[in-house]
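Data first, discussion second: the structure below is written as structure tokens.
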Amino acid sequence: MFSVTLRSLGRQVHQQNKSLAPLFTYSKNGLNTEASFDTKPFKLHKLEEGPSTSVTLSRQDALKYYKDMQMIRRMETAAGNLYKEKIIRGFCHLYSGQEACCVGMRASMRSYDAVITAYRAHGWTYMMGVDPAGVLSELTGRSTGCQRGKGGSMHMYIKNFYGGNGIVGAQQPLGAGVALALKYQGTDGVCLTLYGDGAANQGQLYEAMNIAQLWKLPVIFICENNGYGMGTSVDRASASTNYYTRGDYVPGIWVDGMDVLAVREATRFAIDHCATGKGPMVMEVVTYRYSGHSMSDPGTSYRSRDEIQEVRQTRDPITGFRERLLSTSLATAEELKDIDQEVRQVIEDAVKRAKADKEIGLEELTADISCNPIDTRVRGVTAFDTLTHRRLGPAVNNH
Amino acid sequence: MMLKNAFKYVGLRGISTSRPASAQLTVRDALNSAIDEEMERDERVFILGEEVAQYDGAYKISRGLWKKYGDKRVIDTPITEMGFAGIATGAAMGGLRPICEFMTWNFSMQAIDHVINSAAKTFYMSAGLVNVPIVFRGPNGAAAGVAAQHSQCFGAWYSHCPGLKVVAPYSAEDAKGLLKAAIRDPDPVVCLENEIMYGTAFDVSDEVLSKDFIVPIGKAKIERVGKHITLVAFSRAVATCLDAAKELSAIGIEAEVVNLRSLRPLDFDTVMESVKKTNHLVSVEHGWPQSGVGAEIVSRMVEGPGFYYLDAPPVRVTGADIPMPYAKTLEDNSLPQGKDVVRVVKKILNVQ
Chain V
1 MFSVTLRSLG
11 RQVHQQNKSL
21 APLFTYSKNG
31 LNTEASFDTK
41 PFKLHKLEEG
51 PSTSVTLSRQ
61 DALKYYKDMQ
71 MIRRMETAAG
81 NLYKEKIIRG
91 FCHLYSGQEA
101 CCVGMRASMR
111 SYDAVITAYR
121 AHGWTYMMGV
131 DPAGVLSELT
141 GRSTGCQRGK
151 GGSMHMYIKN
161 FYGGNGIVGA
171 QQPLGAGVAL
181 ALKYQGTDGV
191 CLTLYGDGAA
201 NQGQLYEAMN
211 IAQLWKLPVI
221 FICENNGYGM
231 GTSVDRASAS
241 TNYYTRGDYV
251 PGIWVDGMDV
261 LAVREATRFA
271 IDHCATGKGP
281 MVMEVVTYRY
291 SGHSMSDPGT
301 SYRSRDEIQE
311 VRQTRDPITG
321 FRERLLSTSL
331 ATAEELKDID
341 QEVRQVIEDA
351 VKRAKADKEI
361 GLEELTADIS
371 CNPIDTRVRG
381 VTAFDTLTHR
391 RLGPAVNNH
Chain P
1 MMLKNAFKYV
11 GLRGISTSRP
21 ASAQLTVRDA
31 LNSAIDEEME
41 RDERVFILGE
51 EVAQYDGAYK
61 ISRGLWKKYG
71 DKRVIDTPIT
81 EMGFAGIATG
91 AAMGGLRPIC
101 EFMTWNFSMQ
111 AIDHVINSAA
121 KTFYMSAGLV
131 NVPIVFRGPN
141 GAAAGVAAQH
151 SQCFGAWYSH
161 CPGLKVVAPY
171 SAEDAKGLLK
181 AAIRDPDPVV
191 CLENEIMYGT
201 AFDVSDEVLS
211 KDFIVPIGKA
221 KIERVGKHIT
231 LVAFSRAVAT
241 CLDAAKELSA
251 IGIEAEVVNL
261 RSLRPLDFDT
271 VMESVKKTNH
281 LVSVEHGWPQ
291 SGVGAEIVSR
301 MVEGPGFYYL
311 DAPPVRVTGA
321 DIPMPYAKTL
331 EDNSLPQGKD
341 VVRVVKKILN
351 VQ
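Chains as they are written, first to last, in UniProt numbering: chain V, 1 to 399; chain P, 1 to 352.
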């Protein structure tokens with residue numbers, strides 16, 4: 001009878017394909033400190049067993065994941081607005097809709113694991129430790145930006161996070177190289193190397209996977225499959241859209257990327273595989289981006305508004321998660337509303353700073369071209385302009 | 001008194017650091033020692049590339065290293081330049097000091113995105129956070145009879161890019177000192193060697209043979225002092241200039257030969273000092289003329305104070321503006337030889 005009640009609660013939740021079998025474990029103040037859920041099954045490639053579909057979520061983690069996903073959602077919305085106001089220039093690729101991917105993955109990472117991704121990187125930048133003000137100010141070219149305004153949207157870095165890479169696919173072998181360094185230096189660290197469905201066809205991916213498998217590099221090749229490579233749907237770009245199998249001899253897992261807990265579980269499994277010397281793994285996380293490829297793309301010429309709406313209404317990672325928390329009493333509606341408020345405030349403040357902070361100074365034009373500059377004279381735009389090289393950054397590999 | 005003088009003489013000889021040649025060293029062995037010594041010195045240094053390990057190196061530059069250091073530090077790669085150059089670059093970002101060998105620089109075109117976009121630019125883009133201490137090295141330019149796809153000089157392409165350092169050794173001393181400097185450097189360095197020079201032996205001093213011998217990047221060397229005309233070159237073209245200088249000397253023209261040693265930074269100050277003395281400049285290279293290294297040297301000469309020291313237009317001697325042909329006669333006429341430099345010098349100095 002108890003289970004019938006649970007199941008009817010489950011049905012009230014907007015879950016298209018997710019099975020929901022919450023199990024209450026411990027109750028305090030009417031709120032539970034823990035709950036269990038079932039995720040969609042994982043699809044496995046060259047693996048005897050995969051991640052567990054039964055996951056446990058603590059209240060503490062629940063609130064953290066919720067807040068992080070909301071923060072990214074709001075931060076990206078703010079970035080979109082700043083772009084429309086023409087305060088952000090150039091490229092701006094938004095992560096809205098894909099929040100469960102970086103939040104879920106980060107949840108299973110150890111402090112010394114590394115990440116490298118492509119240009120849809122703001123969400124990752126935040127999860128790796130740059131606060132929203134650091135991200136937004138970088139986008140607006142302020143000296144308080146995480147890269148002082150030198151990098152912009154596609155080139156944000158922080159310890160253990162190797163960007164932010166503008167050339168499609170370049171990060172694939174780079175990530176395998178970071179993994180090599182982690183292994184060479186005697187750690188059991190792994191490098192999460194992310195790429196999109198478009199980049200999944202890059203030759204250098206297969207070159208990197210070949211070497212990773214041969215040399216047993218601890219790299220997780222993660223395809224964030226959002227269905228489109230710019231304006232080209234996966235069916236029009238890939239002869240095989242089973243990205244988790246594309247590693248051939250490299251084992252792979254297919255994951256529901258809209259479920260932060262599934263992502264967390266799969267990542268934990270993959271990290272364990274790589275960290276115990278079994279070589280690389282491929283993970284395909286199926287997700288969706290609400291906005292176009294970038295701010296220059298409305299995102300509606302190659303897909304219908306109905307499709308976008310449908311995902312928002314039935315598969316949104318944040319909405320789905322919220323409903324899980326409420327239905328299992330891991331959090332109250334009030335609490336979540338408070339978090340929403342807090343997030344809104346943080347982003348509002350960040351936007352203010354992104355607009356008001358000082359722009360990077362002209363003297364930094366010639367800063368940090370080299371770590372060890374030999375000739376500090378740098379030619380400017382004419383033969384009569386000689387500028388001076390400056391060294392400002394900490395250069396993590398200079399010892 | 002005589003005894004005291006004798007001791008003084010012996011004492012001076014004992015502490016002498018001048019350059020009596022104590023040995024002969026081929027460019028190949030110079031590069032080999034450089035890599036060996038730096039691997040011994042710093043555990044993070046490792047070498048990867050096609051055939052570098054069990055084959056002892058396609059051109060035997062890495063001979064003996066796999067036997068000495070093993071699989072962890074001397075690594076054979078599959079024939080996938082883009083993949084392994086990217087992996088090497090990532091390893092450098094992650095804190096190691098890789099030496100990435102391209103079997104020839106022609107194959108680097110498959111990986112050039114990583115040399116430029118991943119390695120050269122990252123320090124700047126990251127506002128000085130992530131430096132990339134990698135060395136890309138291999139033979140550059142024409143070999144003998146290897147035809148068009150295997151004969152290109154990449155000096156101009158790589159020296160074009162800010163964020164890269166580019167060295168181009170000529171002698172054994174250059175090869176050892178520059179490669180060691182490159183390996184110790186915390187920035188990405190491109191080392192353009194020359195296959196034809198690998199087997200050439202040079203007299204070297206004890207200093208060159210020592211484990212801490214470094215040739216500073218960005219500093220040219222006067223290979224031959226002269227007063228009538230300045231010949232500037234790098235890599236194998238230095239030999240071409242020295243050949244020409246010998247021939248010119250016989251007719252009373254003393255050419256000063258400047259060995260650039262590095263293409264970026266390019267030591268133009270040394271070239272300038274030389275031209276102040278000689279008032280004439282010829283740049284010699286084996287690469288193609290259009291937008292080449294010589295174009296840069298000549299431009300710098302005429303757009304600055306150098307213009308006023310010149311008594312004649314500065315001129316370039318380069319490879320012919322053609323893809324490299326195979327047949328010997330054609331090949332010989334594709335690249336400048338000593339006699340071509342002599343011909344140009346006579347023309348500039350208005351000598352019959």
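Virtual Cβ for every residue (Gly too), placed ideally from N, Cα, C.
Listed in chain order, the positions of the region 273 to 291 of chain P with a beta carbon within less than 7 Å of a beta carbon of chain V would be empty, since no residue qualifies. In this structure, Phe84/P is the residue among Phe84/P, Lys60/P and Trp105/P with its C-alpha nearest to the C-alpha of Gln171/V. Against Lys72/P, the close residues of chain V are Tyr184, in the order they occur along the chain (beta-carbon pairs closer than 8 Å). No Cβ of chain P is located within less than 9 Å of the beta carbon of Cys92/V.
Proximity of Arg391/V to chain P, defined by a Cβ-Cβ separation below 9 Å, is satisfied. Counting along the chain, His45/V sits inside the beta strand (DSSP E) bounded by residues Lys43 to His45. From the listed residues Lys180/P, Ala239/P, Ser291/P and Asn350/P, the smallest Cα separation to Glu40/P is found for Lys180/P. An exposed status is given to Asn29/V, since fewer than 16 other beta-carbon atoms sit within 10 Å of its beta-carbon. Scanning chain P for C-beta atoms nearer than 7 Å to the C-beta of Tyr249/V yields nothing, as the closest lies near 14 Å away. When DSSP assignments are scanned along the region 193 to 225 of chain V, the uninterrupted stretches of beta strand (DSSP E) that are 3 or more residues long and fall wholly within it turn out to be 219 to 225. Annotation for Gln171/V: the continuous alpha helix (DSSP H) segment containing it runs Gln171 to Tyr184. Exposure of Lys337/V is indicated by the presence of fewer than 16 other C-beta atoms within 10 angstroms of its C-beta. Between Val285/V and Val250/V a beta carbon distance of about 16 Å is seen, past the 8 Å cut, so the two are scored as non-contacting.
Residue burial is scored here from C-beta neighbours: Phe123/P has at least 16 other C-beta atoms within 10 angstroms and is therefore classed as buried. Considering only Asp340/P, Leu310/P, Glu331/P and Gly304/P, the residue with the shortest C-alpha distance to Thr386/V is Gly304/P. A check of alpha carbon separations from Arg142/V across Tyr126/V, Ser296/V and Ala356/V identifies Ala356/V as the nearest. Look at the beta carbons and you see the region 162 to 182 of chain V not touching the region 152 to 164 of chain P: under three pairs across the two are nearer than 8 Å. Non-local beta-carbon contacts of Gly361/V in its own chain, meaning distances under 8 Å to residues more than five positions away in sequence, involve Ser143 in chain order.
A straight-line Cα-Cα distance of about 14 Å links Asp113/V and Thr276/V.
Of the residues Cys191/P, Ala53/P, Val271/P and Lys67/P, the one whose Cα lies closest to the Cα of Pro314/P is Val271/P.
By the C-beta density criterion, Asn242/V is exposed, having fewer than 16 other C-beta atoms within 10 angstroms.
DSSP, read as helix, strand or coil, puts Gly104/V in helix. It is roughly 16 Å from the alpha-carbon of Leu94/V to the alpha-carbon of Val130/V. At a cut-off of 9 Å between beta-carbon atoms, Leu192/V makes no contact with chain P. Counting along the chain, the unbroken beta strand (DSSP E) around Gly138/P starts and ends at Val135 to Pro139. For Ala91/P, the residues of chain V that pass the 8 Å Cβ criterion are Gly177, Val178, Leu180, Ala181 and Tyr184, in the order they occur in the chain. Counted as a single uninterrupted DSSP element, the beta strand (DSSP E) harbouring Ser36/V occupies residues Leu31 to Asp38. Interface flag for Leu82/V against chain P is unset, since no Cβ pair is found closer than 9 Å. Burial check for Pro41/V: the Cβ neighbour count within 10 Å stays below 16, so the residue is exposed. Residues of chain V with a Cβ closer than 8 Å to the Cβ of Asp185/P are, in chain order, Asn372. Rounded to the nearest angstrom, the Cβ distance from Arg246/V to Gln98/V is 20 Å, too far for a contact under 8 Å. Judged by their CB atoms, Gly229/V and Ser153/V are not nearer to each other than the 9 Å cut-off. Listed along chain V, the residues sitting closer than 9 Å to Asn117/P by beta-carbon distance are Asn165, Gly166, Ile167 and Ala170.
Residue-level contact check: Gly294/P does not touch chain V, since none of the beta carbons of chain V fall below 9 Å from its beta carbon.
For a cut-off of 8 Å, the C-beta gap from Val381/V to Leu82/V is around 29 Å, too long to register as a contact. Ser296/V counts as exposed, since fewer than 16 other C-beta atoms from the protein chains shown sit within 10 angstroms of its C-beta.
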